[in-house]
Amino acid sequence: MNPFLAVTGLILLTSALMVLPLVPALAELHSKSDALPLSVIQQHTGEIRFFADGFRSYMKGVEPTLRECVSSGSHATGTMPDGSEYLVLGRGEEALFLPFRERNEFKPVVIASGSDLLLPSETNFSKDIYSAGSVIGGTKNRYRAILAEKEVRLGRDSSVMRWVHAVGEFSADPACRLYGRVSSDTGVRLSEDCSFLRLNAPYIAIGPNADPKQEGLQVPADVTTHQRLFHDGDFEIRAGEVFLGNLVVRGRLRIGAGARVRGSVKSEKELVLESGASVDGSLISASIMQIGSNCAIRGPVIAERMVLIRNGTHCGTLENHTTVSAPEIQIEEGVVVFGTLWARDQGQVVAEL
Amino acid sequence: MIYVLYVIVSVICIYTARHYWFTLNRLFAFQRHPYIDIDTADWPPVTVLVAAHNEEKVVANILSALMTVKYPEDKMLVIPVNDRSTDRTREIIDEFVERFPGRIRPFHRKEGKGGKAAALKDAMELVETEVILIFDADYIPGAGLIRQLTAPFFDPEVGGVMGRVVPMNCGTNLLTRLLDLERSGGYQVDQQARMNLRLVPQHGGTVAGVRLSALREIGGWNDTSLTEDTDLTYRLLLHGWKTVYQNRSECYEEVPETWPVRIKQIKRWAKGHNQAMVTYGLHLLLGKHRASLRERVDGTLLLGVYIMAPFTLVGWALALGVFYQGVAPLHGIVAILSVTAYAAIGNLAAFFEIAAAVRLDGSRKRVCLVPFLILGFAVSIFAVSWAAVSQVKDALTGAEFHWDKTERFRKAAS
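Written out as structure tokens, the structure is:
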């Protein structure tokens with residue numbers, strides 16, 4: 017072969033190989049098919065009521081039909097602008113006699129009247145449910161989403177896949193599984209063996225005997241101390257002791273029975289709060305946290321691995337709501353959380369820890 | 415010469431391993447977002463400082479956005495820090511003060527030392543709250559951002575917090591698209607991996623927060639620093655305060671749209687970073703303080719990212735030199751240097767980090783632009799190296815650092 021041609025060929029081939037990765041790049045630069053700014057959450061979709069608020073707006077389209085059905089006591093069916101089928105019930109109890117369980121039956125958005133919506137047992141509700149009154153569900157039901165202007169009560173062994181919002185109290189009978197967001201403007205009450213992920217309400221009472229009105233922690237409105245004690249290794253606040261200031265511990269932290277921290281605490285390893293102890297600020301652990309019975313914490317409770325909370329403990333107060341959050345939360349009956357209870361992976365109500 | 419080359423290759427290999435470690439961690443390991451779930455709390459009073467020097471094009475956007483965020487109105491005070499502006503910035507701020515009485519308290523700075531740190535330092539006389547959030551005027555915070563940036567301060571170990579910056583003008587031209595990719599890699603992978611691994615997430619000085627008591631403990635804003643954010647990161651670390659990164663606390667920013675502006679920006683960053691390296695590097699690595707061993711090592715490597723540019727150039731020159739000298743064992747070294755230099759890219763997030771970040775962001779076609787990053791890299795490596803050389807020259811001649819404001823490209827809000 018001619019050496020000149022060989023060298024030229026080699027140069028051309030090398031150049032082609034160099035340019036090859038730039039071909040899709042040039043195409044994208046020219047077409048700008050993916051050139052919009054990354055979608056940033058500007059509207060705070062993390063707000064727990066985001067979906068419920070959106071659904072309420074969505075339902076405004078059938079308000080006239082709903083009013084007609086309520087006044088006539090009849091029901092109506094139709095199609096929403098987005099193509100979803102709906103069923104408007106003038107009388108909520110009528111739902112008990114509808115063929116939801118039949119195979120290939122139409123699965124509409126259900127809209128109840130001002131009277132309570134009573135739902136049959138062992139049914140899969142694959143579309144969102146709206147009730148202008150309460151929703152009383154049967155046992156072993158499976159829901160996608162529920163919005164009720166009054167109370168919501170789920171029967172034993174039911175599950176919710178996406179979200180529930182109740183203007184009145186939300187309650188779940190034993191062994192319910194709440195996979196999405198559950199919120200209430202009044203309160204949430206869970207029974208034994210219920211599992212949950214994200215709950216928000218003025219009070220979240222665990223078990224039938226948890227009393228949100230019971231006197232909890234009496235703390236000053238504002239903890240103004242900014243003094244910080246830093247401790248390498250393990251640390252203990254002895255039983256009955258009062259600790260003033262913020263505390264950061266690089267090891268394990270034990271707060272003895274009846275002790276009080278007038279500030280916030282953080283531990284890099286396990287944090288144990290013994291019975292009757294109280295913390296005026298926040299309680300943070302980079303590991304596991306065990307909160308004993310009848311404790312009181314005013315600020316956020318955050319653990320990076322797990323939180324165990326025993327009976328009688330109050331997190332937050334009626335006036336000052338807070339957040340309890342960890343990947344895994346196990347909580348005994350008798351606990352009350354005011355605000356948000358958020359288990360990123362799994363939350364479980366247990367009889368005894 | 416060959417031993418210098420060995421050292422350079424070794425250091426570049428360390429950075430390469432670090433990039434791989436971060437990327438794999440971000441892709442496959444447990445992701446730490448400990449404070450992002452705090453959505454209900456007795457929120458503390460906060461002061462939002464908005465640094466503004468001749469920002470007539472953008473300041474109205476950020477003030478409008480801040481007036482609509484979901485944070486208790488009686489607990490949030492916005493202080494626009496109008497730093498010697500000669501355009502309509504003051505007029506625009508005063509219009510907002512009138513429209514939102516009691517919610518905005520302007521700080522009009524007419525004279526004094528130049529630079530953001532100096533302006534923030536002077537504005538501290540108006541700050542009374544324990545939590546301070548800082549934004550540059552070209553940022554547009556979303557509704558939940560103030561809460562998200564405040565939440566980490568419930569942890570008494572946290573002294574600083576940093577959110578994620580997302581370019582809003584990324585589609586303008588090739589430069590903005592490349593900067594979009596770089597930001598993606600830097601935040602989505604680099605910062606989050608450092609958060610996951612309990613290393614040293616960097617305070618960015620905007621979309622960020624600092625605790626007042628921590629700031630006082632470390633001596634306040636350092637107005638001699640060209641990059642007050644890097645300076646703050648290391649002083650907090652040396653005093654036992656954590657800086658945390660919140661990847662889901664995203665905020666739009668405007669990135670430079672012309673190469674001269676970009677070069678000026680990265681040269682300032684490089685000088686500021688190198689300044690911090692000289693000031694804190696040795697003490698961080700070997701001194702007596704509260705930083706853990708992993709924080710010491712990572713913090714030192716982080717301080718060195720901008721010096722890697724001239725380091726890499728020297729390595730290339732040496733590699734070529736020894737190659738033409740015909741030293742036999744060097745062929746392996748040359749190969750390693752070529753591969754690792756391509757992958758490590760001193761001052762920028764590495765290519766594979768960026769590709770992983772783009773994937774994590776759910777973007778599709780923009781990953782095709784990754785080969786063009788070599789262009790951005792080439793510009794940066796020479797700009798940063800030039801900055802390092804001029805910094806040494808300045809140090810020798812006693813010349814003072816000069817702070818250059820980044821030019822804005824947005825059209826002024828009507």
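Order-wise, the sequence lines are chains A and B.
So for the first sequence, the working numbering puts the first residue at 17; every next one is plus one.
So for the second sequence, the working numbering puts the first residue at 415; every next one is plus one.
Note that the Cβ used here is the ideal one computed from N, Cα and C, for glycine as well.
Computed from a predicted model, the values in this text were never measured in an experiment.
Enumerate, from N- to C-terminal direction, the unbroken beta strand (DSSP E) stretches of 3 or more residues contained entirely within the stretch 615-639 of chain B.
-> 622-625
Could you work out which residues of chain B lie near aspartate 201/A, taking near to mean beta carbons separated by less than 9 Å?
-> Within chain B, no residue comes near aspartate 201/A; the closest Cβ sits about 13 Å away, beyond 9 Å.
Who pairs with aspartate 497/B in a beta bridge, going by DSSP?
-> Arg523/B
With respect to the beta strand (DSSP E) encompassing glutamate 101/A, which residues constitute its N-terminal and C-terminal limits?
-> 101-105
Cβ-based burial, arginine 440/B [other Cβ within 10 Å; buried from 16] = buried
Cα-Cα, which of Ala474/B, Pro566/B and Gln679/B is closest to threonine 867/B?
-> Because chain B in this structure spans residues 415 to 828, residue 867/B falls outside the shown range and cannot be described.
State buried or exposed for tryptophan 435/B, treating a residue as buried only when at least 16 other CB atoms are found within 10 Å of its CB.
-> exposed
Give the secondary structure of proline 555/B by DSSP, where H, G and I count as helix, E and B as strand, and everything else as coil.
-> strand
Shorter than 8 Å from the beta carbon of glutamate 664/B to some beta carbon of chain A?
-> yes
From serine 150/A to glycine 308/A, what does the alpha carbon distance come to, in whole angstroms?
-> 36 Å
What number of angstroms, rounded off, separates the C-alpha of alanine 690/B from the C-alpha of tyrosine 659/B?
-> 20 Å
Assuming aspartate 637/B contacts alanine 531/B under a Cβ cut-off of 8 Å, what Cβ separation, rounded to an integer in Å, is found between them?
-> 5 Å
With 16 other Cβ atoms within 10 Å as the buried cut-off, status of threonine 482/B | exposed
Buried/exposed call for isoleucine 27/A, threshold 16 Cβ in 10 Å | exposed
Whole-Å CB distance - arginine 729/B paired with isoleucine 426/B, under 8 Å assumed | The sequence given here places glycine at residue 729/B; arginine does not occur at that position. Rounded, the Cβ-Cβ distance is 7 Å, consistent with contact.
Applying the criterion that 16 or more other CB atoms from any shown protein chain within 10 Å of the CB defines a buried residue, is glutamine 306/A buried or exposed?
-> buried
Short CB-CB distance (under 8 Å) between alanine 312/A and chain B = no
Member of Arg523/B, Asp550/B, Phe823/B and Gly573/B whose CA lies at the smallest distance from the CA of leucine 629/B | Gly573/B
Are the CB atoms of serine 298/A and phenylalanine 568/B nearer to each other than 8 Å?
-> yes
Isoleucine 416/B: buried (16+ other C-beta within 10 angstroms of its C-beta) or exposed?
-> exposed
Would you kindly report the start and end of the unbroken beta strand (DSSP E) that includes leucine 787/B?
-> Here leucine 787/B belongs to no beta strand (DSSP E); instead the alpha helix (DSSP H) covers 787-811.
So what's arginine 254/A in DSSP terms, helix, strand or just coil?
-> coil
Could you check the C-alpha separation between arginine 214/A and leucine 789/B for me, to the nearest Å?
-> 46 Å
If leucine 357/A sits next to glycine 350/A, beta carbons under 8 Å apart, how far is it from one beta carbon to the other, in whole angstroms?
-> 14 Å between Cβ atoms; not a contact.
Contacts of glycine 363/A in chain B (Cβ-Cβ under 7 Å) | By Cβ distance, chain B contributes nothing, its closest Cβ being about 12 Å from glycine 363/A, past 7 Å.
Cβ-Cβ separation, isoleucine 300/A to isoleucine 318/A (assumed contact under 8 Å), whole Å | 5 Å
Quick one: Cα of leucine 54/A to Cα of leucine 716/B, how far?
-> 26 Å
With 16 as the cutoff for other CB atoms within 10 Å, does asparagine 661/B come out buried or exposed?
-> buried
Between the Cα of alanine 41/A and the Cα atoms of Val472/B, Arg591/B, Glu505/B and Val492/B, which residue gives the shortest distance?
-> Arg591/B
Spell out a yes or no on whether the stretch 196-203 of chain A and the stretch 169-185 of chain A are touching, meaning 3 or more CB-CB pairs, one atom from each, closer than 8 Å.
-> yes
Going by the CB atoms, is the gap between glycine 249/A and glycine 267/A shorter than 8 Å?
-> yes
Cα-Cα separation between alanine 830/B and aspartate 497/B, rounded to whole angstroms = Outside the displayed span of chain B (415 to 828) sits residue 830/B, for which this structure offers no information.
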